[in-house]
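To keep things clear, I will list the structure first and then write my remarks on it.
Number of protein chains: 2
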Amino acid sequence: MALSHALLALLIDEPRSGYDLARRFEGSIGSFWKATHQQIYRELGQMEQKGYLDSETVVQEGRPNKKLYRMTEKGRQYLGDWIGTVSEPCVIREDLLVMTFAGALAVPGALAGELQRRRELHRTELAGYREMEREHYAEPEKLTGPALYGYLALRRGIRYAEEWIAWCDEALAAIAQSEAISAARG
Amino acid sequence: MALSHALLALLIDEPRSGYDLARRFEGSIGSFWKATHQQIYRELGQMEQKGYLDSETVVQEGRPNKKLYRMTEKGRQYLGDWIGTVSEPCVIREDLLVMTFAGALAVPGALAGELQRRRELHRTELAGYREMEREHYAEPEKLTGPALYGYLALRRGIRYAEEWIAWCDEALAAIAQSEAISAARG
DNA sequence: AGCGACATGTAATACGTTACATGATTGG
DNA sequence: CCAATCATGTAACGTATTACATGTCGCT
């Protein structure tokens, strides 16, 4: 149940609602973990039963009430014990790479179009991460404690997006070049 | 059912058995798609029913019989139509990055140890990919057709592994430096 | 009047993982 | 003799996705 660790990690400094947690998975955290609100609400309930969290209902005016979850000492222990445990690289199932692999069967131009779309997607993503880097981590060499670890995770997101963009460029150039060769031949 | 596309992609040039397909997901294909033999056998059965594949049982001496699956014209159509379809980036759930994000709660040294392990893992992976690159793709600039697309997918695996190694190095250096700062302070 | 943000949930279904199950051959 | 490779499958379980469900407020 690895989602539980991800949720606890987001609850380290302050209590949050399920809705709030769901939104955080759409931000920079999304570069290494994704979860929908349905998953989150279910998991939060189970974690509260196990004593990793406790909750408090906050009555709000003009908005629905919300349930704030806070990490318990037991939860902190559970998370701390897990860090450094043997971890496996996550399973990747990347449609676009299956498409690339089978690219020879594609309608001409279809694959290139999708590669371009993907490139743009990661460019947008990267711009967002870069802004977070500028805003929250001005002097990265001096970081210690929680801020450092948040920064390192963000750096992974930045690198991941950059790597995608670079590969898309490489693939698009190679496909264009091979088409030029084929055209010259016949 | 995206697994079906991955299986068809592996069946483009020659018929293969379920066992054979399972092994290919452990090779370079594993950098962008993973599937266990149980999933594969189930999916192959369903795909045959739908007419994307047909099969032939091959009697072998000294070995169990095997069932060779071949892509049908319908299967080829199905795969070709899918390529270039709008695809989403795959969902990532990377334990090691949750650990990094929550690194401040770790037992000292535990996270660094796991980062080092992960680094080695990708170094081994990368060495394997590099060998494939040397053996099968001697002159990448001249590639066309199926060979080009296989090469581009392999390139993604190479880049992915390189990127992991580089990030692990960066993270390890940053953690070491922050510990030095903390030690100097008090 | 309609949309998006806020806020929380249930239910059904699809998908993936783990365990169980079998059995011959080859190499160390 | 033990482990690994070849080869195919079933069953149970856990997790994730998708659809359904409700309701207020503020903005355009």
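Read top to bottom, the protein sequences are chains A and B.
Here the first sequence stands for residues 5 to 190, numbered as in the working numbering.
Here the second sequence stands for residues 5 to 190, numbered as in the working numbering.
Where is the CB? At the ideal position from N, CA and C, for every residue including glycine.
All of these numbers come straight from a predicted model, not from anything done at the bench.
Taking 8 angstroms as the threshold, the shortest C-beta distance from A/M103 to chain B falls below it.
Contacts with chain A at 8 angstroms (Cβ-Cβ) include B/K38. For A/A177, the closest Cβ of chain B is not nearer than 8 angstroms. Counting only the Cα atoms, A/V62 lies some 17 angstroms from A/L15. Note on geometry: alpha-carbon atoms of A/G22 and A/I44 lie some 7 angstroms from one another. In the three-state scheme derived from DSSP, where H, G and I count as helix and E and B as strand, A/D24 is classed as helix. Using a Cβ-Cβ cut-off of 9 angstroms, A/H140 is close to nothing in chain B; its nearest Cβ partner there is about 14 angstroms away. Under the Cβ criterion of 8 angstroms, B/G117 is counted among the residues facing chain A.
By the C-beta criterion, the stretch 113 to 121 of chain B is judged not to be in contact with the stretch 162 to 173 of chain A, since fewer than 3 inter-stretch pairs fall below 8 angstroms. Annotated as proximal: A/T104 and A/A175, with beta-carbon spacing under 8 angstroms.
Under a 10 Å Cβ-count criterion, B/H41 is classified as exposed, with fewer than 16 other Cβ atoms of the shown protein chains found around its own Cβ. CA-to-CA, the gap between A/K146 and A/L156 works out to about 13 angstroms. In the structure shown, the three-state DSSP call for B/D17 is coil.
In terms of Cβ geometry, A/L152 and B/A178 form a close pair [threshold 8 angstroms]. Counted as a single uninterrupted DSSP element, the beta strand (DSSP E) harbouring A/V62 occupies residues L57 to V62. Chain-order list of chain B residues neighbouring A/R160: L101 and W171, by C-beta distance under 7 angstroms. About 7 angstroms separates the CB atoms of A/R97 and B/K38; that is less than 8 angstroms, so the two are in contact.
With respect to chain B, the C-beta atom of A/V95 has a partner C-beta closer than 8 angstroms. Put simply, the backbone Cα of B/L48 is about 8 angstroms away from that of B/L57. Straight-line spacing of the CA atoms in B/Q181 and A/G154 works out to 16 angstroms.
Not a single CB atom of chain A sits nearer than 8 angstroms to the CB of B/L130. Taking all protein chains shown into account, A/H9 has 16 or more neighbouring C-beta atoms within 10 Å of its C-beta and is therefore buried. Listed in chain order, the non-local C-beta contacts of A/E92 below 7 angstroms within the same chain number zero, local neighbours out to five positions each way being set aside. With fewer than 16 other CB atoms across the displayed protein chains lying within 10 angstroms of its CB, A/R189 is exposed. In chain order, L101, T104 and F105 make up the part of chain A whose C-beta sits under 7 angstroms from the C-beta of B/A157. Secondary structure note for B/L72: it is in no alpha helix (DSSP H), and the uninterrupted beta strand (DSSP E) holding it is K70 to M75. With a beta-carbon spacing of about 10 angstroms, A/R122 and A/L101 fall beyond the 8 angstroms limit used to define contacts. Residue range G149 to R189 is occupied by the alpha helix (DSSP H) that includes A/W171. Taking C-beta atoms under 8 angstroms as the contact rule, A/S32 and A/G149 fail to qualify, at a distance of about 18 angstroms. In this structure, the CA atom of B/E143 is about 39 angstroms from the CA atom of B/Q50. B/W86 and B/A13 have their alpha carbons spaced roughly 11 angstroms apart. The three-state reading of DSSP puts A/I44 in helix, counting H, G and I together. Secondary structure at B/T104: helix, using DSSP grouped into helix, strand and coil. Each residue's CA atom was taken as its position, placing B/G34 and B/V90 some 22 angstroms apart. Excluding its 5 nearest sequence neighbours in each direction, A/R20 has C-beta neighbours in its own chain below 8 angstroms: L14, R28, L72 and Y73, listed in chain order.
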